[in-house]
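Engineer:
In our numbering, the protein residues as written are 318 to 745.
Structure representation (structure tokens):
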């Protein structure tokens, strides 16, 4: 059994100074979240009200063939819509009627705002209300913004789930609610662990189908599985739910701390906790140790992109022995990521927001062994000799809980292994 690289810090970095930057940003927009949400919610449809650029983004990001019938599409705003020469509301309602008549399997319809629809002040909230009155109870119509004007790409999921919270039924039952879209295999593993611990009942937001019973009330305890769901959490708290603070379930340490917080809340004995978690914890430690042989002692620099940066930096510094030079995040909500910050020792620059030119200056000066950044920055930095990791891959890949801990570490070790091999070949 391997030992952890880092002992618990005497003081974490929750109260460390935060470098706040407000300048040019380099991120995808919130429409990107549709790519994993439409797979998760089996009877939902995401109708983006936007331009042809929005349609091309979704088509390219999803890799969906043109003749496939995915659960998303774009109601394209033409020039006459943008110029105010046509009634965009009437056109939108006509498109929705056509969509619902052709796809009777749809039970939830999300009208997703974009940069163009927000620029021309298209009132999608009122459109959703009108369409709900017309199609209820067969179809529930909601709306949220996926615009990239003020948001980063993971906030698309946050906005989507937050739009669902006000219409959830009320319940007084004591329950655990897992909040955040996870790949099915990861969600099944989490639910299996909780069942073995004797924790229940457990509900999941988002559910696979609109008919699944997801309700909220004063006896609901919320455990977040993704660190970018601040708006959704606030909505649930307004409905009376209570947040369960915990590090996020990345790696062995994070998963154990997350499960322990749940177990403590629901009165699980220490003996049962050890019985359930001992074997998967050992497997996770062994899997992480293989990648950590490459990562130990290496430096890493995070550009702000997904809001996963702080929990991932905690995992890499404490379980893989890496040194964080800078940990940048688009937004830092200490209610959400504070427990991860408590486990991280002071040292790295913690930055919120972005001024991409200043951050590029800092990464060039630091020359870290690995830089985590968006697609638009990766190739230029590689051309300058820096080894990079695409931040978006960390959202699309199953990385939560024990069985994925080794895969998570491998996402960071592989680029470094590749760099070392190329350097060795060049030397020969």
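Just so it is clear, CB atoms sit at the ideal spot from N, CA and C, and this is done for glycine as well. The structure displayed is predicted, hence computed values, not measured ones.
Using C-beta distances below 8 angstroms, list every residue in its chain close to residue 674, excluding the 5 sequence neighbours before and after it, in chain order.
Structural biologist: On the chain shown, residue 674 is found 357 positions in, with the first residue counted as 1. Result list for residue 674: 340 and 341, in chain order.
Engineer: Can you give me the Cβ contacts of residue 678 inside the same chain, cut-off strictly under 6 angstroms, excluding the 5 residues immediately before and after it?
Structural biologist: Locating residue 678 in the chain shown gives position 361, where the first residue counts as 1. Excluding residues within five positions, none has a Cβ falling inside 6 angstroms.
Engineer: Just to confirm, are residue 364 and residue 413 a CB contact at a threshold of 8 angstroms?
Structural biologist: Along the chain shown, read from residue 1 onward, the residue named residue 364 stands at position 47. Along the chain shown, read from residue 1 onward, the residue named residue 413 stands at position 96. Result yes, Cβ atoms of residue 364 and residue 413 sit closer than 8 angstroms.
Engineer: On the DSSP bridge list, what partners appear for residue 706?
Structural biologist: Counting from 1 along the chain shown, the entry for residue 706 is found at position 389. Answer is 689.
Engineer: Can you tell me whether residue 702 is buried or exposed? The criterion is at least 16 other CB atoms within 10 Å of its CB, across all chains shown.
Structural biologist: Here the question's residue 702 lines up with position 385 in the chain shown. Classification for residue 702: exposed.
Engineer: Alpha carbon to alpha carbon, what distance is there between residue 582 and residue 589?
Structural biologist: Along the chain shown, read from residue 1 onward, the residue named residue 589 stands at position 272. Along the chain shown, read from residue 1 onward, the residue named residue 582 stands at position 265. Taking the straight line from one Cα to the other gives about 14 angstroms.
Engineer: Hey, out of 495, 646 and 604, whose CA is closest to residue 576's CA?
Structural biologist: For the purposes of this step, residue 576 is taken as residue 259 along the chain shown, with counting starting at 1. Nearest C-alpha to residue 576: 495.
Engineer: Could you give the distance in angstroms between the alpha-carbon of residue 595 and the alpha-carbon of residue 602?
Structural biologist: If you number the chain shown from 1, residue 595 lands on position 278. If you number the chain shown from 1, residue 602 lands on position 285. Spanning the two alpha carbons is a distance of roughly 11 angstroms.
Engineer: Tell me the DSSP secondary structure of residue 442 in three-state form.
Structural biologist: In the chain shown, the residue the question calls residue 442 occupies position 125. Residue state, collapsed to three classes: helix.
Engineer: In the DSSP output, what is residue 493 paired with across the bridge?
Structural biologist: Along the chain shown, one-based indexing puts residue 493 at 176. Residue 493 pairs with 519 and 538.
Engineer: Taking the alpha-carbon positions, what's the residue 731 to residue 421 distance?
Structural biologist: Numbered from 1 along the chain shown, position 414 holds the residue referred to as residue 731. Numbered from 1 along the chain shown, position 104 holds the residue referred to as residue 421. Their backbone Cα atoms lie some 45 angstroms apart in a straight line.
Engineer: Look at the alpha carbon of residue 718 and the alpha carbon of residue 503, and state the distance between them as a whole number of angstroms.
Structural biologist: To locate residue 718, count along the chain shown from 1; it is residue 401. To locate residue 503, count along the chain shown from 1; it is residue 186. So the two alpha carbons sit approximately 7 angstroms from each other.
Engineer: I'd like to know if the stretch 370-377 and the stretch 477-496 are in contact, where contact means that at least 3 CB-CB pairs between them fall below 8 angstroms.
Structural biologist: With a cut-off of 8 angstroms, the stretch 477-496 and the stretch 370-377 do not count as touching, because too few Cβ pairs lie within range.
Engineer: With a Cβ-Cβ cutoff of 8 angstroms, do residue 415 and residue 651 count as a contact?
Structural biologist: Walking along the chain shown from the start, residue 415 turns up at place 98. Walking along the chain shown from the start, residue 651 turns up at place 334. Going by C-beta atoms, residue 415 is not nearer than 8 angstroms to residue 651.
Engineer: Are at least three pairs of beta-carbons, each pair with one atom in the stretch 609-622 and one in the stretch 539-548, less than 8 angstroms apart?
Structural biologist: Counting Cβ pairs under 8 angstroms, fewer than three are found: no touch.
Engineer: How would you call residue 700, buried or exposed, if buried means at least 16 neighbouring beta carbons within 10 angstroms?
Structural biologist: As a first step, residue 700 is located in the chain shown; it is residue number 383 there, counting from the start. Residue 700 should be labelled exposed.
Engineer: Which word fits residue 530, buried or exposed, when buried means at least 16 other C-beta atoms lie within 10 angstroms of its C-beta?
Structural biologist: The residue labelled residue 530 in the question sits at position 213 within the chain shown. Exposed is the call here.
Engineer: Using the C-alpha atoms, what's the distance from residue 334 back to residue 299?
Structural biologist: Limits of the chain in this structure are 318 at one end and 745 at the other, which puts residue 299 out of reach.
Engineer: Quick one: what's residue 640 bridged to in DSSP?
Structural biologist: The residue labelled residue 640 in the question sits at position 323 within the chain shown. DSSP, once it has assigned bridges, lists 616 as partnering residue 640.
Engineer: Would you mind sorting residue 659 into buried or exposed? The rule is 16 or more other CB atoms within 10 Å of its CB.
Structural biologist: Position 342 of the chain shown holds residue 659. Classification of residue 659: buried, given that the 10 Å Cβ count is 16 or more.
Engineer: To the nearest whole angstrom, what separates the beta carbons of residue 643 and residue 337, a pair I think is in contact under 8 angstroms?
Structural biologist: Start at 1 with the first residue of the chain shown, and residue 643 comes out as number 326. Start at 1 with the first residue of the chain shown, and residue 337 comes out as number 20. Their Cβ separation, rounded to whole angstroms, is 13 angstroms, which puts residue 643 and residue 337 out of contact at 8 angstroms.
Engineer: Could you tell me the distance, in whole angstroms, from the CA atom of residue 534 to the CA atom of residue 628?
Structural biologist: On the chain shown, position 217 is the one that residue 534 refers to. On the chain shown, position 311 is the one that residue 628 refers to. Rounded to the nearest angstrom, the two C-alpha atoms are 28 angstroms apart.
Engineer: Considering only C-alpha positions, which residue in the set 550, 472 and 526 is nearest to residue 562?
Structural biologist: The sequence position of residue 562 within the chain shown is 245, counting from 1. Considering only alpha carbons, the answer is 550.
Engineer: According to DSSP, simplified to helix, strand and coil, what is residue 343?
Structural biologist: Indexing the chain shown from 1 puts residue 343 at position 26. Coil, per DSSP.
Engineer: Check whether the Cβ atoms of residue 478 and residue 532 sit closer than 8 angstroms, and answer yes or no.
Structural biologist: Indexing the chain shown from 1 puts residue 478 at position 161. Indexing the chain shown from 1 puts residue 532 at position 215. Against a cut-off of 8 angstroms, the Cβ pair of residue 532 and residue 478 comes out as no contact.
Engineer: Using a Cβ-Cβ cutoff of less than 7 angstroms, which residues in the same chain neighbour residue 646 once the five nearest sequence positions on both sides are dropped?
Structural biologist: As a position in the chain shown, residue 646 is number 329, starting the count at 1. For residue 646, where only same-chain residues beyond five positions count, the Cβ hits under 7 angstroms are 621, 624, 626, 627 and 669.
Engineer: Could you give the residue range of the beta strand (DSSP E) that holds residue 670?
Structural biologist: The residue given as residue 670 occupies position 353 in the chain shown. Unbroken beta strand (DSSP E) run through residue 670: 666-671.
Engineer: Kindly give me the distance between the Cβ atoms of residue 426 and residue 482, rounded to whole angstroms, as I take these residues to be in contact under 8 angstroms.
Structural biologist: Stepping through the chain shown from its first residue, residue 426 is reached at position 109. Stepping through the chain shown from its first residue, residue 482 is reached at position 165. In fact, because the Cβ distance is near 17 angstroms, the residues do not count as touching under 8 angstroms.
Engineer: Would you list, in sequence order, the uninterrupted beta strand (DSSP E) runs of no fewer than 3 residues that lie entirely inside the stretch 452-508?
Structural biologist: Counting only runs of 3 or more, we get 457-462 and 492-496.
Engineer: State the start and end residues of the unbroken beta strand (DSSP E) segment that holds residue 391.
Structural biologist: The residue given as residue 391 occupies position 74 in the chain shown. Where residue 391 is concerned, the enclosing beta strand (DSSP E) stretches over 389-393.
Engineer: Among the residues of its own chain, which have a CB less than 8 angstroms from the CB of residue 354, if the five just before and after it don't count?
Structural biologist: Indexing the chain shown from 1 puts residue 354 at position 37. 361, 363, 473, 474, 477, 498 and 523.
Engineer: Smallest Cα separation from residue 707: which of 328, 578 and 344?
Structural biologist: Position 390 of the chain shown, counted from the start, is the residue given in the question as residue 707. When each option's Cα is compared against that of residue 707, the closest is 344.
Engineer: Along the chain, which unbroken stretches of the beta strand (DSSP E) at least 3 residues long are found entirely within the stretch 583-636?
Structural biologist: Whole beta strand (DSSP E) segments, 3+ residues: 616-619.
Engineer: Buried or exposed: where does residue 520 fall if 16 or more other Cβ atoms within 10 Å of its Cβ makes it buried?
Structural biologist: Position 203 of the chain shown holds residue 520. By the 10 Å Cβ count, residue 520 comes out buried.
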